[in-house]
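Below: the structure, in structure tokens.
4 protein chains.
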Amino acid sequence: MNRLAQQAASGGLPFDYAQVRARSLELIRGLSAEDCQLQSMADASPLKWHLAHTTWFFETFVLAALPQPPKVIDPSYTVLFNSYYVGIGERHLRAERGLLSRPTLEEVLSYRKQIDQQLQQVLADTPQDSALASLVTLGLQHEQQHQELMLTDLKHHFSCNPLQPAWRAAAPEQACAAGIAQASAYRAIPGGLCEIGAYDDGFSYDNEGPRHRVWLEPFLLGERNVSNGDFIAFIADGGYQRPELWLSDGWEWVSQRQAQAPLYWQQDADQHWLAFTLAGLQPLNRDAPVCHINLYEADAYARWAGARLPTEAEWEHAARAEPNLAGLFGEVWQWTNSAYLPYPGYQPAAGAVGEYNGKFMINQMVLRGSSCATPAGHSRPSYRNFFPPAAQWQFSGLRLARNL
Amino acid sequence: MNRLAQQAASGGLPFDYAQVRARSLELIRGLSAEDCQLQSMADASPLKWHLAHTTWFFETFVLAALPQPPKVIDPSYTVLFNSYYVGIGERHLRAERGLLSRPTLEEVLSYRKQIDQQLQQVLADTPQDSALASLVTLGLQHEQQHQELMLTDLKHHFSCNPLQPAWRAAAPEQACAAGIAQASAYRAIPGGLCEIGAYDDGFSYDNEGPRHRVWLEPFLLGERNVSNGDFIAFIADGGYQRPELWLSDGWEWVSQRQAQAPLYWQQDADQHWLAFTLAGLQPLNRDAPVCHINLYEADAYARWAGARLPTEAEWEHAARAEPNLAGLFGEVWQWTNSAYLPYPGYQPAAGAVGEYNGKFMINQMVLRGSSCATPAGHSRPSYRNFFPPAAQWQFSGLRLARNL
Amino acid sequence: MNRLAQQAASGGLPFDYAQVRARSLELIRGLSAEDCQLQSMADASPLKWHLAHTTWFFETFVLAALPQPPKVIDPSYTVLFNSYYVGIGERHLRAERGLLSRPTLEEVLSYRKQIDQQLQQVLADTPQDSALASLVTLGLQHEQQHQELMLTDLKHHFSCNPLQPAWRAAAPEQACAAGIAQASAYRAIPGGLCEIGAYDDGFSYDNEGPRHRVWLEPFLLGERNVSNGDFIAFIADGGYQRPELWLSDGWEWVSQRQAQAPLYWQQDADQHWLAFTLAGLQPLNRDAPVCHINLYEADAYARWAGARLPTEAEWEHAARAEPNLAGLFGEVWQWTNSAYLPYPGYQPAAGAVGEYNGKFMINQMVLRGSSCATPAGHSRPSYRNFFPPAAQWQFSGLRLARNL
Amino acid sequence: MNRLAQQAASGGLPFDYAQVRARSLELIRGLSAEDCQLQSMADASPLKWHLAHTTWFFETFVLAALPQPPKVIDPSYTVLFNSYYVGIGERHLRAERGLLSRPTLEEVLSYRKQIDQQLQQVLADTPQDSALASLVTLGLQHEQQHQELMLTDLKHHFSCNPLQPAWRAAAPEQACAAGIAQASAYRAIPGGLCEIGAYDDGFSYDNEGPRHRVWLEPFLLGERNVSNGDFIAFIADGGYQRPELWLSDGWEWVSQRQAQAPLYWQQDADQHWLAFTLAGLQPLNRDAPVCHINLYEADAYARWAGARLPTEAEWEHAARAEPNLAGLFGEVWQWTNSAYLPYPGYQPAAGAVGEYNGKFMINQMVLRGSSCATPAGHSRPSYRNFFPPAAQWQFSGLRLARNL
């Protein structure tokens, strides 16, 4: 993020503000105010909250930081739509976001409109302000991140309704396939003293830097993501009943949940696999990448396949060396066997905005790539996504690796 | 309920169907679809669910029982809006009622309209059918019961929003006062071989009968309900810090919750008491009856006051003997020290409708009277309300009793 | 208890102090210090704790109340061995009693010996002190109550060891049989205005009085307790799979525990029923009374059998009217459908000793009679035992009742 | 471990079998059978269990693997004393180890004696069997690991007894001090392409290899461990009240536990710090290294001090480069900011013995060095200890690092 100044100085925003903001609204087209208020678990927020929170981000970190900040739209929003920025003060309980019938969706949409007007005025007034451009860019990246979460969370909310409602007839999941490569096809990646991390020539989050050297042994990386068909073979081979395939905490997770398949999968009376999607309940596509598995499931599958998960350094190095590997981006986030920890020399940004990433660097594992739900322009080789190892509700899958 | 046949035979419904049903809609006037979807805890249902469930009751127990039942409006509603009737089949999880954005409020209102039309047609076609009248009457009493719950539950839902929204400017809580009698004023009630339970000359739930004999010693009953002012004295005297005043389970409840006052009470910066009401946050009225206390708090207060709670037989006997005792009805439900158990000779009705009351006869205590939120015409001396001893969110207070 | 003075005044203790105390030691004969420290759940205390706590009771309520009390043996015991007497001060956490390796069993036995010497000296010095006799009698009754709990708790502790150890070759469970009467044999008991509660001519706990009038309708009471064979028929008929047989909370208990049989029952490879007993794992005796069932199981069985549980008033009235009914005492405690609540006019004793019973009068159901583990001389028609409806680890069974 | 063959082939065991085994018994000298049965939480096992489990390890992995294995001492021990080796079959529940009064301590000691005799006979019979020597060495290392756990666990067990018992008058904690270096004294460590991991010339666990290259930037490492005095300054500066110092999960841990100081610390009436030790409650030694802190506390302290935790590669590299740095070994385990994950090329050993380490490689952080409770001869630069970030009951502290 401290790299943003340079970039923005070179000539304004890399994104169209109005276009990014409009896409959030496009996502709720066809949904009711009731749909936008759903909260099915503490981890997943209501869509109305996402719409308000991303707006609050601009109001708090951009507008309120101006020399002559505009009047705060509604002081209560500061508490209600703060996600986790302790530096900003009191927050509303995460698990109770679904209890906010007030402000209404209509009021939140009006809040968005007012902030958009204020912000676009500021951008028009000070087109060369590179610090401003940095913060606005961060806000837009943040908005895009929440656009993916809106779909991820809505899918979970809807999955709890026995009516299994559909978001759209054409859902993002249907757009991707794991391709035709053999499950056993690997590409050899040379090792040595490599560099990973974001370059300074474009936007990146602070956690993607500093760019730094790592030593890698040569390795093999799967030519495509593991598919639903591959994963069915694992299940059929007793994958969920064999403790020797699982990490110890993973086996405990399996036992407690009596897990038998990825999240959202079910079998019909004829034992055919179906999956709940953003287009409702659908027959499972065996050629699509397996999705909604957690780290434990990914790791157990890899062990069963005589392989392993790549590290994040291996993944990033390969993504630059072999950018044509199928499904690196746009299919599923790919679990790595790297813990989410700071890179050597990492320094969080100063102030409340610095709470963005650093304080979450514990108890989470890194996912790389991007998914079918990731907005266009929000993918890059250095991007570090991260979730706890038990999380299933993200669009998360895996790609295998092996030692040479 | 088996008494209903006789009564209905004597000439139709004791209530106006359209009028009772309309009152449910009147309660949500001014609320948004988002408001009607709120569910703040498993015990409290969304208003939309109440509206649908009471309608489902008519569809399932009246219309579907006709010789030529109409087509079911939507088979999924049978699962979604069944509360606890195991005999009817699968149910949707109580704690997840707030996750039903579909059907929408609009669809539920349309469901109500269709069932109302069907039912009113049936009533018009068979005006002399006493079995039908019995079931419709039960359905209307059931609807009235849910009308009180709608207010009770909405109050809890709204209390979880930091904005503390108001339902109406004029709220039911404001309409009642505990009166002017001294806290220490008691009326002597003679004992002997008494009868309690519902007579057969009007509607009553099955749990109110059979009418039966009980032996009572003479006793004293408080002339009014305990007021907020009385309860403040208890708090000021360390009521919530003195274990000797509490039942053992009550003291554990106090300790775990760090309870210090009735639900919805808070103190402002000047230590003045405020209470969240259906009209929003309001200064506490010291003359109003104390409300939203559980059995433990009621019992501790009584012990502190050198008194005790009445039994339900004492309460009912007194309510018939001294019907002019202040606040028996329409202020707060009054905790008794009687467990909710079957009367001698009690038999639940046959079939699924018989699940109404009997199976809840454990782990609950009886409350008598009625509250400011009870619909007109839904109060009677034999009425047995019941909740677990820790429940606070009902409009529940207390009236003292003493031995002679 | 306030009746004790009269009784003791009439000539000393109804029990032999040394004999009652010696029986507690007899119960641990053959057990190791490790056995005596086991605590398998918060509800069940280590045997070492029982031995110390009953001694603490004499030290605290008898010796410390003397005009010239002896020096306290060890001040730390006051905290460690106080069960729940808030009036006495700080207590050690119930669930952590099993973490007290110090004091050792040897030290506890020495504590017993010292208190016994002090107490017997006092009794010898003041043979005519009726207040003293009252308190000592209470202490001995208390000790006897804990003697039953020692066996009850040890059975639970041992049941958690996969080795399924035996306490003795001849266990109390083996001594009783439900008799030969038909399951369907009932005795008619006349009703009317009856009296229940303890007479003043012998020891009783405060909760057994005051003796008072109740009105009873005539009813039928089963001639014997329900047997294991009877209960097997209930299980075979799908008793644990049919929600319509259960109270609502009972069905939730069944579902959460996936309960399928009484506590301690298991089936061998040939589907023969075995039960863990104080003599280890044994074939189930079909003629013995069913034991270790909770209120929910008792109530479901009764409903399945077309019967009901008696109330405690019915039970006590019948036990006096028909004392020869089989198995009233000495087999299993018999669940009643009465909540444990104060009798009319009940007043707890003054001071800390008054915490004995009154504050537990909520959320518990009454059991009547006595069990195979109850010490001789500790049974009487007015005795009120009480446990929460889900408790199974007591020696609890049932006897059926029906309306006439 | 696969390196063991070579080493053992070079001439027998690096440890004296009898001496290592005897030290386990020395640890329980002066303790009662009751002390040895305590289990204060699921993570901490009874000492009796440790004694039996380490013996079971020899019986199962050494004796039972012989061509002509001796008869199993007691088949039930196979279940009772298996810790987590799923490959070996059924296990007893970890949290219920404290419920095993049988076998008694005496029986466990006899079990040890029998296995020792069998094993020493085997060692005498086949002195040149390198595979045998490998397994026995692993068993002895395993025993030493449990010797540290015996002290760690006993400390926790005893801390739950209000009597605060002492294990010995002279406790291990008293033997070490953080030294006299300034808290701010750092040693510069050069970076570059380094190697870490165990060499093949002595015993190591499988998780310590393979030895492999890592790239390190030059850095500063604290000359001594952080002391109690240093940590008191952190507390005095509001360390436990300032969310900006904590990882997000760490702050949640602080809030839920209302943590205010390291485990076992308490303040007396004069606000002097005391600590519970294996010698009972003692005044806190400000010069001793801070101990019993978790990763969250270590990380927050480092942030407060303007420093950070070292990675495990940095620690190991420095420990070889600067072996005279104070307190690397024998004081406290030092938290690193490295997750416990496999080294490149890591392969678990085949068979059940391979469950030793690999399956725990998730949700844990690495600690390096060794503590005052670690047996002599059980420390080495490549040793990887690991615990979840919230664990406090180990002898864990920290050493600071900084970027150059």
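Chains as they are written, first to last, in full-length UniProt numbering: chain A, 1 to 404; chain B, 1 to 404; chain C, 1 to 404; chain D, 1 to 404. Quick reminder that beta carbons are idealized off the backbone N, C-alpha and C, glycines included.
Query	Result
Alpha carbon to alpha carbon, how far is serine 83 of chain C from aspartate 74 of chain C? Give it in angstroms, no decimals.	16 Å
Ignore the nearest five residues each way along the sequence and tell me which others in phenylalanine 81 of chain D's own chain have a CB closer than 6 Å to its CB.	Ala52, His53, Trp56
Round the Cβ separation of cysteine 291 of chain B and serine 396 of chain B to the nearest angstrom and send it over; I've been treating them as touching at under 8 Å.	7 Å
Quick one, are the C-beta atoms of leucine 278 of chain B and lysine 155 of chain B less than 8 Å apart?	yes
Would serine 248 of chain D pass as an interface residue toward chain A - the criterion being a Cβ-Cβ separation below 8 Å?	yes
DSSP beta-bridge partners for cysteine 176 of chain C?	Looking at the DSSP assignment, cysteine 176 of chain C forms no beta bridge with any residue, so it has no partner.
Extract the residue ranges of the alpha helix (DSSP H) inside the region 240-327 of chain C, only unbroken runs of 4 or more that lie entirely within it.	248-257, 295-304, 312-321
Give me whichever residues DSSP pairs with phenylalanine 365 of chain C in a beta bridge.	Note that residue 365 of chain C corresponds to methionine in the displayed sequence, not to phenylalanine. Its beta-bridge partners are C:Ala339, C:Phe387.
Can you give the Cα-Cα distance for arginine 29 of chain A and leucine 31 of chain B, rounded to whole angstroms?	23 Å
Verify the CB distance criterion: does tryptophan 393 of chain B have a CB-CB separation below 8 Å to chain A?	no
State the CB to CB distance for the pair cysteine 372 of chain D and alanine 175 of chain D, rounded to an integer number of angstroms; the pair is presumed to be in contact (CB under 8 Å).	6 Å
Which residue from C:Leu281, C:Leu245, C:Asp270 puts its Cα closest to that of leucine 295 of chain C?	C:Leu245
Tell me whether serine 204 of chain D sits in a helix, a strand or coil according to DSSP, three-state version.	coil
Can you confirm whether tyrosine 84 of chain D, when its beta carbon is compared against all beta carbons of chain A, has any partner nearer than 8 Å?	yes
Note down, in chain order, every chain C residue with its Cβ under 9 Å from the Cβ of serine 40 of chain D.	Glu96, Leu99
Please state whether DSSP places asparagine 228 of chain D in a helix, a strand or coil.	helix
Exposed or buried, serine 255 of chain B, counting other C-beta atoms within 10 Å across all chains shown (16 or more means buried)?	exposed
Could you list which residues in chain C have their beta carbon closer than 7 Å to that of proline 344 of chain B, in chain order?	Glu217
According to DSSP, is isoleucine 115 of chain B helix, strand or coil?	helix
Under a three-way DSSP split, which group does tryptophan 56 of chain A fall into?	helix
Give, in chain order, every residue of the region 130-153 of chain C whose Cβ lies closer than 9 Å to some Cβ of chain B.	none
Within a Cβ cutoff of 7 Å, which residues of the same chain sit near glutamine 147 of chain A, ignoring the five residues on either side of it in sequence?	Arg23, Ser24, Leu27, Pro375
By DSSP, does leucine 51 of chain C sit in helix, in strand, or in coil?	helix
Taking the beta strand (DSSP E) that histidine 92 of chain C falls in, what are its first and last residues?	Histidine 92 of chain C -> no beta strand (DSSP E), and no H or E assigned at all.
For chain A, check one thing: does any of its Cβ atoms lie closer than 8 Å to the Cβ of valine 79 of chain B?	yes
For glutamine 37 of chain D, which residues does DSSP report across the bridge?	Paired residues: none, contrary to the question.
Can you name the residues of chain C whose CB is closer than 7 Å to the CB of phenylalanine 360 of chain B?	Ser248
With respect to the beta strand (DSSP E) encompassing arginine 21 of chain B, which residues constitute its N-terminal and C-terminal limits?	Careful: arginine 21 of chain B lies outside any beta strand (DSSP E), inside the alpha helix (DSSP H) at 17-27.
Whose CA, out of D:Ala390, D:Arg368, D:Asn385, lies closest to the CA of leucine 398 of chain D?	D:Arg368
Would the beta-carbon of glycine 197 of chain C fall within 8 Å of that of histidine 212 of chain C?	yes
I'd like to check one pair, leucine 221 of chain B with proline 310 of chain B: are the Cβ atoms closer than 8 Å?	yes
So, is lysine 113 of chain B buried or exposed, given that buried needs 16 or more other C-beta atoms within 10 angstroms?	exposed
Once DSSP output is grouped into helix, strand and coil, what is the label at alanine 185 of chain A?	coil
Leaving out the 5 sequence neighbours to the left and right, which residues in its chain are closer than 6 Å to proline 262 of chain A when beta-carbon positions are compared?	His292, Ile293
Determine the direct distance from the alpha carbon of tyrosine 346 of chain B to that of glutamine 19 of chain B, and round the result to whole angstroms.	32 Å
Taking 8 Å as the cut-off, does the region 374-391 of chain D touch the region 203-217 of chain D (at least 3 CB pairs, one atom from each stretch)?	yes
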